[in-house]
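The C-terminal residue of the sequence shown carries number 734 in our numbering, and the numbering is unbroken.
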Amino acid sequence: SKDKEASSYQPLVKGDCLNYGKTLDLSRNNVFFVNPSDFQGLSSLKCLNLSGNAISQTLNGSEFSYLSGLKYLDFSNNRVDLLYQTAFKELKLLETLDLSNNQHYFLVEGVTHVLSFIKSLASLRKLMMNENDISTTIDTGMESQSLRILEFRGNRLDALWSDGNTRYWSFFKNLTGLEVLDISFNSLSFLPHCVFEKMPPSLKLLNLTNNRLKSFIWGNLPSLKNLITLDLSNNLLTTVPRELSNCTSSLQQLMLRNNRIQRLTKHFLRGAFTLRYLDLSSNKIEIIKRSSFPENVINNLKMLLLHDNPFKCNCEAVWFVWWINRTQVTIPLLATDVTCAGPGAHKGRSVVFLDLYTCELDTSYLILYALSASAIVALMVFTVMSHLYFWDVWYSYHYCTAKLKGYRRLSSPAACYDAFIAYDSEDPAVNEWVLQELVERLENQKARQFNLCLEGRDWLPGQPVFDNLSQSIQLSKKTIFVLTNRYIKSGRFKTTFYMAHQRLLDEKMDVIILVFLEKVLQKSRYVRLRKRLCRSSVLEWPTNPQSQPYFWQCLKNAIATSNSLAYNKFLQETV
């Protein structure tokens, strides 16, 4: 009937087109070619609908020269050939251009496509290039300062962004004023790691729905500082970001509908105070924990979608059921489609009507029972063990403690070393002489071995140098100074000598032995006096190898003998 035919009729001219004013609808008229003269006298026309024809010509920028006032052009469902960058340039006031479903020439191999024509459209704000199967273009990107909305769904960004091909990574970068980008239905299985850095920072809405994404580069989202809406619905995602607020501080709407998300991370929404809309419907989420949904964030939401998830309605869901019954957040289909997948009798029931009060009681009773049972068992075991195995337990305890502590140096005031060697450890020659000659002769030979204290070997790591020096001198019977011209000028020598000399003043013990590797302090009054008082404590390293055994024997005697016994008897009596 005519009434049924009229009710099924849908206008071909889009509402946005009609809003501009004077409109001409030439859609579905089998128009094959457009001439400039076709529109002569139509300069006041605001909207032109040429969709659904078979126009397959190559536009060069002259076809619409008489439509100087045109603001909306619907050129969808044709076969336009974008060969020249001058296409549409005559439309200076054009704001909206629809080139959707013009895939004919984009599917032909070897045909050149130029998308840089939009650069000359200074007033263009919205461009629709949907369902064109664009997989190649001569331009590495699109460029426009005026464009605000780009619909690019149903193309082949997966081919443009194929793995290893960096040519088109900056495809949208020069759309400097772009706010809305729709790249859904582009067969994307992955995103290049730096793709967000190559997008205009002015972007507010990003639509990535109906692709094949198994993962998402959440860590690169901070590049889109103005992003408000992110739609990742109908993909293959299995995870959410560890902490959404670390990825974006501007996001207000996040859509993750119809993915394969099984669980939410522990701190998923922590700090996401700007979020107002969250869609988690049609996933595989079983449990929502309190840490994932902090109340100071989740209560700021205006809408939360959770339906079509296989929720487990066991005692782990106590907090979720409690919150869902008290929240003021709008949750669509809460009573009908937010249901339990199990266990048992709960299957198919609405989450909002569950009574999990018994879980709270069971949990309290379980805790009390566990504490009581543990206390009783511990008391019984302690009593029996104390009565039967007290000494065994005592021995085992101290044995294990000793094993854990291991060997430790005893802090005894008695001397632990026969001599402390004070030398210039920064001089390679002196260092080699001490380690290969002195230590080898005094410690490693079987006849009359001595226990020496060396800076690099016996000092406690992490302890101040001053403390190590003091302790080494106090725990050694003698202090041997290996003297060189460089060493006697150092602060370390003066400090060490002062400490060793202090023992003579405090304890009446002369512990100093001087070994001269070089001829130094020849005019020192102290050295001259010491040679007279105790010649055996002042030794010089002989240059003649045949005299060296005698030197070592004298040094051993000096270490083994108290200096007070070696003092010159004549001088002692006169003093």
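Heads up, the beta-carbon is just placed ideally off N, CA and C, and yes, glycines get one too. Bear in mind the structure is a predicted one, so any value in this text is a computation, not a measurement.
Spanning the alpha carbons of Ala561 and Lys506 requires a straight line of approximately 58 Å. Counted as a single uninterrupted DSSP element, the alpha helix (DSSP H) harbouring Cys176 occupies residues Gly174 to Asn178. Taking 4 residues as the minimum length, the alpha helix (DSSP H) runs contained wholly in the segment 679 to 720 are 684 to 692 and 707 to 719, in order along the chain. Under DSSP, Gly501 takes part in a beta bridge, and its partners are Lys471.
Boundaries of the alpha helix (DSSP H) around Glu666: Gly650 to Glu666. Bridge pairing for Val674: Val641 and Leu698 [DSSP]. Here Ser409 really is in contact with Ile387; their C-beta atoms are around 6 Å apart, less than 8 Å. At a Cβ-Cβ threshold of 9 Å, Thr638 and Asp586 do not count as neighbours. In this structure, the CA atom of Lys471 is about 23 Å from the CA atom of Ser392. Beta-bridge pairing by DSSP links Gln412 to Thr388 and Tyr436.
Under the DSSP assignment, Val339 falls in the beta strand (DSSP E) whose first and last residues are Val339 to Asp341.
Linking Lys653 to Trp700 through their CA atoms gives a straight-line distance of about 22 Å. For Glu310, the enclosing beta strand (DSSP E) begins and ends at Ile308 to Glu310. Restricting attention to Ser215, Glu249 and Thr217, the CA atom closest to the CA of Tyr225 is found in Glu249. A Cβ-Cβ contact shorter than 9 Å links Asn417 with Asn394.
For Leu309, the closest alpha carbon among the candidates Ser294, Lys332, Glu475 and Gly180 is that of Lys332.
Under the Cβ criterion (8 Å, minimum of three pairs), the segment 450 to 460 does not count as touching the segment 491 to 499. For the pair Val670 and Asp583, the CB atoms are not nearer than the 9 Å cut-off. The DSSP-derived three-state label of Asp184 is strand. 9 Å or more divides the Cβ of Ser275 from the Cβ of Gln304. A Cβ-Cβ distance of about 5 Å is found for the pair Gly300 and Phe330, placing them in contact under the 8 Å criterion.
Every alpha helix (DSSP H) stretch that sits fully inside the segment 575 to 609 and reaches 4 residues is listed by chain position as 587 to 592 and 598 to 601. In the three-state DSSP reduction, Tyr231 falls in the strand class (E or B). Counting C-beta atoms within 10 angstroms of its own C-beta, Val536 has fewer than 16 neighbours from the protein chains shown and is therefore classed as exposed.
Annotation: Glu591 to Pro351 spans about 59 Å, alpha carbon to alpha carbon. At the C-beta level, Ile297 and His263 stay beyond 9 Å of one another. Collapsing the DSSP output to three states places Met301 in coil. In this structure, Thr255 places its C-beta atom within 9 Å of the C-beta atom of Met287. Here Met287 is bridged, per DSSP, to Asp257 and Glu310.
In the DSSP assignment, Asn484 falls outside any beta strand (DSSP E) and lies within the alpha helix (DSSP H) extending over Val477 to Arg485. Where Asn455 is concerned, the enclosing alpha helix (DSSP H) starts and stops at Glu454 to Ile457. In the structure shown, Lys636 falls within a strand segment according to DSSP collapsed to helix, strand and coil. Nearest neighbour of Tyr657 by Cα position, chosen from Phe625, Ser533 and Leu252, turns out to be Phe625. Using a Cβ distance threshold of 9 Å, Gly378 and Pro359 do not count as a contacting pair.
In this structure, the CA atom of Ala281 is about 47 Å from the CA atom of Arg422.
Taking all protein chains shown into account, Thr407 has 16 or more neighbouring C-beta atoms within 10 Å of its C-beta and is therefore buried.
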